[in-house]
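Heads up, the sequence shown stops at 121 in the numbering used here, and the numbers go up one at a time, no gaps.
Backbone N, C-alpha and C fix where the C-beta goes; we use that ideal spot for every residue, glycine too.
On a predicted model such as this, the values are computed, not experimentally measured, just so you know.
This report refers to the structure that appears directly beneath it.
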Amino acid sequence: MSEITLLITENQINSLISSTKDDLPNESCSLLLGNIVECEYRVKVLKRMNNIAHSESSFNMEPDELIKVYQWASSKELDVIGVYHSHLDGAKPSATDLSFMRINPVIWLIYELSGSRFRAFMLVQDNLKEVKVKISKA
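Below, the structure is given as structure tokens:
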């Protein structure tokens, strides 16, 4: 199997960082919409979501809002290719993240505020795999 890569633009990364700072002290969350070409997950649109858990250590998205985003993505011929959220410390999936990754088999992009870094992961045959994040200018 080829290496899985998440392709995201610098502007999209900056937008995620900005929304994460706006959502402090709570975790921030968004959906990554785009297309999958072979092993490349190409982010086209970010959909910022409300963290209805209002928590600094977990997130939960509003079910009705999720349905609307999935419908909108489908109408634009886009797929939900990833889930983004922030961690105050540590850019690795928590036990809760892992349980949700099993039912949402997409890339999970995590931003660690304390280290100002992004890491991405995916469950592949129930094994946690780190995904390469490639940031482009445009």
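With a beta-carbon spacing of about 18 Å, residue 47 and residue 16 fall beyond the 8 Å limit used to define contacts. Every beta strand (DSSP E) stretch that sits fully inside the region 77 to 101 and reaches 3 residues is listed by chain position as 90 to 95.
The criterion of a C-beta distance shorter than 7 Å is not satisfied by residue 29 and residue 58. In the pairwise beta carbon analysis, the region 35 to 47 is classified as not touching the region 101 to 111: fewer than three pairs are separated by under 8 Å. Secondary structure of residue 50 (DSSP, three-state): helix.
DSSP places residue 58 within a helical segment (H, G or I) once states are collapsed to three.
Note: residue -8 is bridge-paired with 119 in the DSSP secondary-structure output. The Cβ-Cβ distance between residue -10 and residue 23 falls below 7 Å. Leaving aside the five residues that flank residue 106 on each side, the residues in its chain whose CB is nearer than 7 Å to its CB run, in chain order, 84, 85 and 88. Taking all protein chains shown into account, residue 5 has fewer than 16 neighbouring C-beta atoms within 10 Å of its C-beta and is therefore exposed.
Distance between residue 71 and residue 10, taken at the CA atoms: about 8 Å. In this structure, residue 32 and residue 14 form a Cβ contact; the two beta carbons are roughly 6 Å apart against a cut-off of 8 Å. For residue -12, the closest C-alpha among the options 19, 50, 34 and -5 is that of 19. Counting only runs that start and end inside the region -7 to 50, the beta strand (DSSP E) elements of at least 3 residues fall at 12 to 20 and 23 to 32.
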